[in-house]
Amino acid sequence: MSILIDADTTFIVQGITGREAVNLARECLDYGVGAKVVGGVTPGRLGREVHGVPVFDTVAQAVAHHGSAIYGSVVTVPPAFTKDAVFEAIENGVQLIVIVTERIPRRDVAEMVELATLRGARIIGPNCLGIIVPDVIKMGGIGGPAKNAAQAYTPGPIGVISRSGGMTTEMSSTLSAAGLGQSTAVSIGGDAIIGSTYAELMPLFEADEQTQGIVIYTEPGGRMEAELARWVTENRSRLPIVAFMAGRFMDEMPGMSFGHAGTIVEGKEDTASEKITRLAQAGISVAERIEDIPEMIRSAIAERSGTPAGAGAAGGSQV
Amino acid sequence: MRFFEYEAREVVKRAGIPVTDFGFTTDAGEAREIAQRIGGPTVIKSQVLTGGRMKAGGVKFAETPEEAEAHAREILQLEIGGHMPRGVLVDPRAEVEQEYYAGIVWDGTRKQPVMIFSPVGGIDIEQVAEEQPDKVGRRHFSNILPLSDFQAKEVIASTGVTGSALNRLVPILTRLAKLFVENDMILAEINPLGRLADGSFVALDAHMDMENEARGRHKRLLTELGVGEEETRQAREATPFELAGEQVDAQDHRGVAGNVTEFDGNLGLVIGAGGGSLTLFDAVRAHGGKPANYCEIGGNPSVAKACGLAKLVLQKPGVDKIAVMMSIVSNTRVDIVARGVIKACLELGYDPAEKIAIFRIPGAWEEEGFKILEKYGVEYADRSVSLNEAASRAVEKIEGAAV
Numbered sequence: 022m023s024i025l026i027d028a029d030t031t032f033i034v035q036g037i038t039g040r041e042a043v044n045l046a047r048e049c050l051d052y053g054v055g056a057k058v059v060g061g062v063t064p065g066r067l068g069r070e071v072h073g074v075p076v077f078d079t080v081a082q083a084v085a086h087h088g089s090a091i092y093g094s095v096v097t098v099p100p101a102f103t104k105d106a107v108f109e110a111i112e113n114g115v116q117l118i119v120i121v122t123e124r125i126p127r128r129d130v131a132e133m134v135e136l137a138t139l140r141g142a143r144i145i146g147p148n149c150l151g152i153i154v155p156d157v158i159k160m161g162g163i164g165g166p167a168k169n170a171a172q173a174y175t176p177g178p179i180g181v182i183s184r185s186g187g188m189t190t191e192m193s194s195t196l197s198a199a200g201l202g203q204s205t206a207v208s209i210g211g212d213a214i215i216g217s218t219y220a221e222l223m224p225l226f227e228a229d230e231q232t233q234g235i236v237i238y239t240e241p242g243g244r245m246e247a248e249l250a251r252w253v254t255e256n257r258s259r260l261p262i263v264a265f266m267a268g269r270f271m272d273e274m275p276g277m278s279f280g281h282a283g284t285i286v287e288g289k290e291d292t293a294s295e296k297i298t299r300l301a302q303a304g305i306s307v308a309e310r311i312e313d314i315p316e317m318i319r320s321a322i323a324e325r326s327g328t329p330a331g332a333g334a335a336g337g338s339q340v
Numbered sequence: 113m114r115f116f117e118y119e120a121r122e123v124v125k126r127a128g129i130p131v132t133d134f135g136f137t138t139d140a141g142e143a144r145e146i147a148q149r150i151g152g153p154t155v156i157k158s159q160v161l162t163g164g165r166m167k168a169g170g171v172k173f174a175e176t177p178e179e180a181e182a183h184a185r186e187i188l189q190l191e192i193g194g195h196m197p198r199g200v201l202v203d204p205r206a207e208v209e210q211e212y213y214a215g216i217v218w219d220g221t222r223k224q225p226v227m228i229f230s231p232v233g234g235i236d237i238e239q240v241a242e243e244q245p246d247k248v249g250r251r252h253f254s255n256i257l258p259l260s261d262f263q264a265k266e267v268i269a270s271t272g273v274t275g276s277a278l279n280r281l282v283p284i285l286t287r288l289a290k291l292f293v294e295n296d297m298i299l300a301e302i303n304p305l306g307r308l309a310d311g312s313f314v315a316l317d318a319h320m321d322m323e324n325e326a327r328g329r330h331k332r333l334l335t336e337l338g339v340g341e342e343e344t345r346q347a348r349e350a351t352p353f354e355l356a357g358e359q360v361d362a363q364d365h366r367g368v369a370g371n372v373t374e375f376d377g378n379l380g381l382v383i384g385a386g387g388g389s390l391t392l393f394d395a396v397r398a399h400g401g402k403p404a405n406y407c408e409i410g411g412n413p414s415v416a417k418a419c420g421l422a423k424l425v426l427q428k429p430g431v432d433k434i435a436v437m438m439s440i441v442s443n444t445r446v447d448i449v450a451r452g453v454i455k456a457c458l459e460l461g462y463d464p465a466e467k468i469a470i471f472r473i474p475g476a477w478e479e480e481g482f483k484i485l486e487k488y489g490v491e492y493a494d495r496s497v498s499l500n501e502a503a504s505r506a507v508e509k510i511e512g513a514a515v
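Going down the list, the protein sequences come from chains Z and S. Numbering of the first sequence is given in this note's numbering, commencing with residue 22 and proceeding in unit increments. Numbering of the second sequence is given in this note's numbering, commencing with residue 113 and proceeding in unit increments.
The following block contains the structure:
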């Protein structure tokens, strides 16, 4: 199994006629069993096709053409138009929205997320590469062209969540090389406010029988790691987690942002060292190097499934 | 983007929140005139984007206009935390009966703004929250549902404030919340918010920080405040090297090859993407390497841009070699980056095999890229070599060369 998407997931691409979006559509159609990209939306381009995908002016037209509800949308429109595009998707019944666009002010993101919550929809991103279920489907640019994505991602027991799109692939590739495939890998985006945080995705992985362990990529900035630590402690998660923390050098440079907009350290809780402490307190192992991750997660899984003594802390194991 | 106090106060004033009759100037003589107009005791405050003004001697009290001028002259020359002041603010010294705190910030976990209020102002709100938690009121408010006075009223009342003070404070906190939302602030704070003898309130200091990504939609306000488009208001001003990096990135709109930050080491870095750069920078330092710079490439930049960035780094004084490294790429093409960095070496008259300590970019178009690197004898690595291992090899090479 997987989380968020599977072989039957239908989705549209908003902004499909843009240069990057054309490539993205091709990649999704080519990967795995072939994504069901049932339409694209670019205002004023009704009647065109992108790699055989029909283009519409509105999401409503795409839904009408499809004949039933469309589950997802990948949004790749410029920052000034993103909020409207996401509102349009939500108000037309789309359940899962992957926002690729970067540099969206957080007020807009917060509005989108609140409307999504009100309507029971979920947002991944912004500033992310999307979701991939190895060998089955990908929704977004994650992993790149089908050939490249197949090289890095393999099916298996590890759930991957990452604030960096590129590092989602780097870590998954390292896991694959060590014989540890992924159940689902999610690039959640590098901004200060995002649709789905680690803690918000954990219940989905928790409920997914295929997933036996979680690997996350984290950075300085924000309280997302503290939220995860709290969630893990309060919910007695069955899943062991290994975290990789990048940007440790930033602790010496408060007020500066590197890599992603969300990395700015605004308080002492946002620093790399503070986060490492917090994660460790919640029983999450923090890796110093990417190449150490496979062995760490492998032994953490073995520990949870092996010893009944650990069951108290782990809340029992299904592995 | 942070605002100076005099700008933040202007933003507060425009939102309909009472402020004192302050004046801003860059000239000591003018400070005297402002003090004269105010008539009575004044406070002269250095306008710098750093904390600890008071301690550093950047805030002084004057009884007469002459004294105001003398203080202004001194403060205008006073460097605080590495920053020279933008000017001075001349403020009437208000007779304050009590100092309050009002602020709005984002809660990234709840994904909503939070109003914060305290009847204990004039000091750091985090300190108040720690020492007198019952004196700090907080409340989230919706991003899409209407904002109404009762929300501010609840927050203020929860701290024990009642009577006419409550009724006078409600519109102030509501207006501050509106200002925060409408101006895309990530921080809007009035501290202290003073209650005067007649029971009225006045903002005595304000901190405002506007989200960089939203600057484009507040051009009018920024122009009226006199904020230049080139002003980054970062924790430290950009160096010429960093500005040159911005120019490289701006030469065309394909991908990113920039976000350069200067350091003083000998190993030049051409690294990417966002997360990869952070990981690689840490790795270089963990192996005892001394980076000459931080940067980011990604989003499939042109050959010209990759070349421009590599040239910039190669020409930086003190740089012996460059390391070209990225996490596995899917959008950026390996061969394009390879072409760019080799071109940079050749155009500067260097042997790429000598100047490029290592090239570790696996992913899209890697076969083509590796072929080019092979032709020039550059050491390269595929995905079987970790980011950490690549960084270690680069450091080894440069340290070996330095000995």
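Note that the Cβ used here is the ideal one computed from N, Cα and C, for glycine as well.
Item, Value
"Pairs of beta-carbons, one from the segment 194–201 of chain S and one from the segment 231–247 of chain S, closer than 8 Å: are there three or more?", "no"
"Give every residue of the same chain whose Cβ lies closer than 6 Å to the Cβ of S/TYR406, excluding the five residues on either side of it in the sequence, and list them in chain order.", "THR373, PHE393"
"With 8 Å as the limit, tell me which residues of the segment 187–214 of chain Z have their beta carbon closer than that to any beta carbon of chain S; keep them in chain order.", "GLY187, MET188, THR190, GLU191, SER194, THR195, ALA198, GLY211, ALA213, ILE214"
"Mind checking the segment 293–313 of chain S against chain Z and listing, in chain order, the residues whose C-beta falls within less than 8 Å of any C-beta there?", "VAL293, ASP296, ILE298"
"Among the candidates S/ARG495, S/GLU266, S/TYR118, S/GLU178, whose CA atom is the shortest distance from the CA of S/GLU142?", "S/GLU178"
"In its own chain, which residues sit with a C-beta less than 6 Å from the C-beta of Z/THR38, not counting the 5 before and 5 after it?", "THR63, ARG66"
"Around the Cβ of Z/ASN256, are there at least 16 other Cβ atoms within 10 angstroms (buried) or fewer (exposed)?", "exposed"
"Grab the span of the alpha helix (DSSP H) containing S/VAL446 for me, first residue to last.", "446–459"
"Helix, strand or coil: how does DSSP classify S/LYS402 here?", "coil"
"Z/VAL98: which of Z/GLU109, Z/GLY280, Z/ILE235 sits nearest, CA to CA?", "Z/GLU109"
"What does S/ASN500 reach in chain Z if we use C-beta pairs closer than 8 Å?", "ARG310, ILE311, GLU312"
"So for S/GLN427, helix, strand or coil by DSSP?", "coil"
"Helix, strand or coil: which one does DSSP assign to Z/GLN35?", "strand"
"Short check: CB of S/VAL293 to CB of S/HIS252, under 7 Å?", "no"
"Keeping to the same chain, check which residues put their C-beta closer than 6 Å to that of S/THR138; ignore five residues upstream and five downstream.", "GLY199"
"The alpha helix (DSSP H) spanning S/LEU355 covers which residue range?", "352–362"
"Any chance the segment 164–175 of chain S sits against the segment 255–275 of chain S, with 3 or more Cβ pairs inside 8 Å?", "no"
"Checking the sheet assignment: what are the DSSP bridge partners for S/GLU242?", "S/GLU242 is not bridged to any residue."
"In chain S, what lies closer than 7 Å to Z/PHE270 by C-beta?", "PHE393, ASP394, ARG397"
"Residues of chain S with CB under 7 Å from Z/GLU248, in chain order?", "THR221"
"State whether the segment 170–182 of chain Z contacts the segment 418–437 of chain S, with contact taken as three or more CB pairs (one from each stretch) at a distance under 8 Å.", "no"
"If you draw a straight line from the alpha carbon of Z/THR195 to that of Z/ILE311, how long is it in whole angstroms?", "7 Å"
"So which residues of chain S does Z/SER217 contact, with C-beta pairs closer than 8 Å?", "Within chain S, no residue comes near Z/SER217; the closest Cβ sits about 11 Å away, beyond 8 Å."
"Are the CB atoms of Z/ILE318 and Z/VAL253 within a distance shorter than 7 Å?", "no"
"Could you check whether Z/THR232 and Z/GLY180 sit closer than 7 Å to each other, using their CB atoms as the reference points?", "yes"
"Check whether the Cβ atoms of S/LEU190 and S/GLN159 sit closer than 7 Å, and answer yes or no.", "no"
"Would DSSP call S/ASP139 helix, strand or coil?", "coil"
"Closer than 8 Å, Cβ to any Cβ of chain Z: which residues of the segment 239–259 of chain S, in chain order?", "SER254, ASN255, ILE256"
"Does the beta carbon of Z/VAL107 come closer than 7 Å to any beta carbon on chain S?", "no"
"Considering only residues of the same chain and omitting the five flanking positions on each side of S/ALA362, which have a CB-CB separation below 7 Å?", "none"
"Measure the alpha-carbon distance for S/MET320 versus S/ILE237 and round it to whole angstroms.", "15 Å"
"Does the Cβ of S/ASP154 have 16 or more other Cβ atoms within 10 Å, making it buried, or fewer, making it exposed?", "Looking at the sequence itself, residue 154 of chain S is Thr, so the reference to Asp does not match. So S/THR154 ends up on the buried side."
"Find the residues of chain S that neighbour Z/TYR238, judging by a C-beta separation of less than 8 Å, and give them in chain order.", "GLY387"
"Take the Cβ of Z/PRO261 as the centre, count every other Cβ of all protein chains shown within 10 Å, and call the residue buried at 16 or more, exposed below.", "buried"
"Express the C-alpha separation of Z/THR239 and Z/GLY280 in angstroms, rounding to a whole number.", "12 Å"
"Using a beta-carbon distance cut-off of less than 7 Å, what residues from the segment 118–141 of chain Z approach chain S?", "ARG124, ILE125, PRO126, ARG127, ARG128, ALA131, GLU132, VAL134, GLU135, LEU136"
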